[in-house]
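Q: In this note's numbering, the protein residues as written are 1246 to 1367.
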Amino acid sequence: MKKLLLAAVLLLPLPAMGDHLDVIQFKLNEGCSMQTYSAIVKDFNQQWGAKYGYHAEVAFPVQSPDLVSMYWIGRSADAMSFGKAWDVWREESKDPDSVAGKLLARFVDCSTNVGRRGYDTY
1246 MKKLLLAAVL LLPLPAMGDH LDVIQFKLNE GCSMQTYSAI VKDFNQQWGA
1296 KYGYHAEVAF PVQSPDLVSM YWIGRSADAM SFGKAWDVWR EESKDPDSVA
1346 GKLLARFVDC STNVGRRGYD TY
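1. Can you list, in chain order, the residues of its chain whose CB lies under 8 angstroms from that of residue 1255, leaving out five sequence neighbours each side?
2. Would you say residue 1359 and residue 1314 are within 8 angstroms of each other, going by their C-beta atoms?
3. Less than 8 angstroms between the beta carbons of residue 1334 and residue 1350, yes or no?
4. What are the boundary residues of the alpha helix (DSSP H) that residue 1313 is part of?
5. Pairs of beta-carbons, one from the segment 1263 to 1273 and one from the segment 1289 to 1297, closer than 8 angstroms: are there three or more?
6. May I ask which residues mark the beginning and end of the beta strand (DSSP E) holding residue 1274?
7. Among 1304, 1312 and 1299, whose alpha-carbon lies nearest the alpha-carbon of residue 1319?
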């Protein structure tokens, strides 16, 4: 009976749980603190991200071979949702008077991106 149950569990399709992670490695610019950057991320989430199903958090290193780089971890429901949000962000951030434009200016003043990666999670 146990073997039959095990076989059933292994053969049944499992639901895919897929988020899209947008991971940006960055370094803080001189004069910018973790507190300042965290405040920008909070504003981003409230003023822009929530509207597009995108939420970000920041991973600050505690134990790492690279104690200078930090990581923006943005989460969307899936790659398609991320792509739609990215298209809007890219266009809106060109306008310095838009919400995205003002947020981008704050990010640029505070940080320098080192690399960017995207991941699907299951």
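Glycine included, C-beta positions come from ideal geometry on N, C-alpha and C.
Every value quoted in this text rests on a predicted model; they were computed, and no experiment measured them.
A: In brief:
1. As a first step, residue 1255 is located in the sequence shown; it is residue number 10 there, counting from the start. Here the model assigns residue 1255 a pLDDT of 47, short of 50, so the residue's position is not dependable, and the following value carries that caveat. Within the same chain, residue 1255 has no close Cβ partners at all.
2. Mapped onto the sequence shown, residue 1359 falls at position 114. Mapped onto the sequence shown, residue 1314 falls at position 69. Judged by their CB atoms, residue 1359 and residue 1314 are nearer to each other than the 8 angstroms cut-off.
3. Position 89 of the sequence shown, counting from 1, holds the residue named residue 1334. Position 105 of the sequence shown, counting from 1, holds the residue named residue 1350. No.
4. Residue mapping note: residue 1313 aligns to position 68 of the sequence shown, counting from 1. No alpha helix (DSSP H) holds residue 1313; DSSP gives it neither H nor E.
5. no
6. Here the question's residue 1274 lines up with position 29 in the sequence shown. Residue 1274 -> no beta strand (DSSP E), and no H or E assigned at all.
7. Here residue 1319 is taken as the residue at index 74 of the sequence shown, counted from 1. Checking every option, the nearest Cα to that of residue 1319 belongs to 1299.
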